[in-house]
Amino acid sequence: MPELPEVEMSKRYLDSTSLHQRISNVEVHDSYVLERISARELGRRLRGRRFQKSERHGKHLFVRAGDELWLRLHFGMTGALEYLKHDKVAPKTARVIFRFSNSCALAFDDQRKFGEVGLIENVEKFLRTRGLGPDALEISFPGFKAILSKHRGATKAILLNQQLIAGIGNLYADEILFRARMHPASEAARLRDKDLARLFRATRQVLAKAIALKTDFNRLPKSWLLTRREKRGRCPRCGRALQSATIGGRTSWFCAHCQKRI
DNA sequence: CTAGATGTTAAGGT
DNA sequence: CACCTTAACATCTA
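Residue numbers (the working numbering): 242 to 503.
Right, dumping it as structure tokens:
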């Protein structure tokens, strides 16, 4: 479930496993995930280089491999990284494998192939071109407020719009709205300062807590909606049945009693 | 067998 | 222009 917290975990995983090793080869097992680059070119540009550091923005991960050379990873719906120690065999759905000269490797695994692997020259330029908004954990309250109040539409749709705020996906958006006790369909432009402050606090709290718990769903607090986000799920706060509705094109789960429409 | 699933984008409508 | 909905992508599971 690669939303901001999961991508942050992938960043830390990559940082702790895959830096400073000489890239000896790049195997592309399915070029469907390659973005604007051929398998041959990807290998040609990366071979002989080392991953130096990584940066995350929203759901994107950038790995520096040289001057003006960054690997860009997006995890789509099912993307994940797996470090393969000493020729350990890659998972069947590994789409790209970065082989290191120490016989270890980093696999980009992606069952559903909605992920993206590409090379870019400049992170800032990429963010601009892609039109991504500020990272959900970097944005300030004034910035958050400005974005929400300037746009019409359901609050949840704004939270999900990567061009406005980058990193929040469908699951965490539901949790954020639950913690802020706000109905997902509340008109964003109508939120008052105290509502915005609540929503901002919930955003930071949910994302930070998810990271602190290493995005392990089994360890999420019992008070969270996420663990009950399913048919016949009940509100952890009041015990009433949760409802689902399509908002912003995605399925939303919420408690109609605790989350009032503003 | 069918519907739906964590992400993104294009197309068409209001 | 700003917003909405729907469909599409690939693949698995309930």
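Backbone N, C-alpha and C define an ideal beta-carbon position, used for all residues, glycine too.
- Message: Rounded to the nearest angstrom, what separates Leu-302 and Ser-295 at their Cα positions?
- Response: Here residue 302 refers to the residue found at position 61 of the first sequence. Here residue 295 refers to the residue found at position 54 of the first sequence. Their backbone Cα atoms lie some 7 Å apart in a straight line.
- Nearest-angstrom beta carbon gap, Cys-345 and Gln-262 [assumed within contact, 8 Å]: Walking along the first sequence from the start, residue 262 turns up at place 21. Walking along the first sequence from the start, residue 345 turns up at place 104. About 7 Å separates the two Cβ atoms, so the contact holds.
- Message: I'd like the span of the beta strand (DSSP E) that includes Ile-361, first residue to last.
- Response: Within the first sequence, numbered from 1, the residue matching residue 361 stands at position 120. Counting along the chain, the beta strand (DSSP E) containing Ile-361 begins and ends at 357–361.
- Cβ-Cβ distance between Lys-366 and Arg-422 below 8 Å: Here residue 366 refers to the residue found at position 125 of the first sequence. Here residue 422 refers to the residue found at position 181 of the first sequence. For Lys-366 and Arg-422, no; Cβs fall outside 8 Å.
- Message: Under DSSP, the beta strand (DSSP E) around Tyr-273 begins and ends at which residues?
- Response: Translated into the one-based positions of the first sequence, residue 273 becomes position 32. It is not in any beta strand (DSSP E) - Tyr-273 carries neither H nor E in the DSSP assignment.
- Can the beta-carbon of Trp-494 be found less than 8 Å from the beta-carbon of Asp-436? Numbered from 1 along the first sequence, position 253 holds the residue referred to as residue 494. Numbered from 1 along the first sequence, position 195 holds the residue referred to as residue 436. Going by C-beta atoms, Trp-494 is not nearer than 8 Å to Asp-436.
- Taking all protein chains shown into account, do 16 or more other C-beta atoms lie within 10 angstroms of the C-beta of Glu-496, making it buried, or fewer, making it exposed? Your numbering for residue 496 matches position 255 in the first sequence. The identity of residue 496 in the sequence shown is Cys, whereas the question assumes Glu. Cys-496 comes out buried.
- Message: Quick check on the DSSP output: what are the complete alpha helix (DSSP H) runs of length 4 or more inside the region 406–451, in order along the chain?
- Response: 411–420
- How big is the Cα-Cα spacing for Val-364 and Gly-299? For the purposes of this step, residue 364 is taken as the residue at position 123 of the first sequence. For the purposes of this step, residue 299 is taken as the residue at position 58 of the first sequence. Rounded to the nearest angstrom, the two C-alpha atoms are 12 Å apart.
- Alpha carbon of Leu-283 to alpha carbon of Ser-257, nearest angstrom: Sequence index remark: in the first sequence, residue 283 carries index 42 (1-based). Sequence index remark: in the first sequence, residue 257 carries index 16 (1-based). Approximately 23 Å, taken between the alpha carbons.
- Considering only residues of the region 338–401, which uninterrupted beta strand (DSSP E) runs meet the minimum length of 3 residues and lie entirely inside it, listed in chain order? 346–351 and 357–361
- Query: Is it true that the CB of Leu-310 sits closer than 8 Å to the CB of Leu-260?
  - Reply: Within the first sequence, the letter at position 19 stands for residue 260. Within the first sequence, the letter at position 69 stands for residue 310. Cβ atoms of Leu-260 and Leu-310: not closer than 8 Å.
- Message: Check for me: the beta strand (DSSP E) holding Ser-265 runs from which residue to which?
- Response: Here residue 265 corresponds to residue number 24 of the first sequence, with the count starting at 1. Element bounds for Ser-265: 264–269.
- Please classify Val-330: is it buried, with 16 or more other beta-carbons within 10 angstroms of its beta-carbon, or exposed? As a working note, residue 330 is residue 89 in the first sequence. Classification of Val-330: exposed, given that the 10 Å Cβ count is below 16.
- Message: Let's see if you can read the secondary structure: which residues bound the beta strand (DSSP E) around Thr-487?
- Response: Translated into the one-based positions of the first sequence, residue 487 becomes position 246. Where Thr-487 is concerned, the enclosing beta strand (DSSP E) stretches over 484–488.
- Task: For the beta strand (DSSP E) holding Thr-492, just list the boundary residues, first then last.
- Result: On the first sequence, residue 492 is found 251 positions in, with the first residue counted as 1. 491–495 is the span of the beta strand (DSSP E), which, as asked, contains Thr-492.
- Is it right to say His-424 is buried, meaning 16 or more other beta carbons lie within 10 angstroms of its own, or is it exposed? The residue labelled residue 424 in the question sits at position 183 within the first sequence. When all chains shown are included, His-424 counts as buried.
- Query: Exposed or buried, Asn-411, counting other C-beta atoms within 10 Å across all chains shown (16 or more means buried)?
  - Reply: Start at 1 with the first residue of the first sequence, and residue 411 comes out as number 170. It is buried - the Cβ of Asn-411 has at least 16 other Cβ atoms within 10 Å.
- Query: Mapping DSSP to helix, strand and coil, what is Phe-292?
  - Reply: On the first sequence, residue 292 is found 51 positions in, with the first residue counted as 1. Reduced to three states, the DSSP call for Phe-292 is coil.
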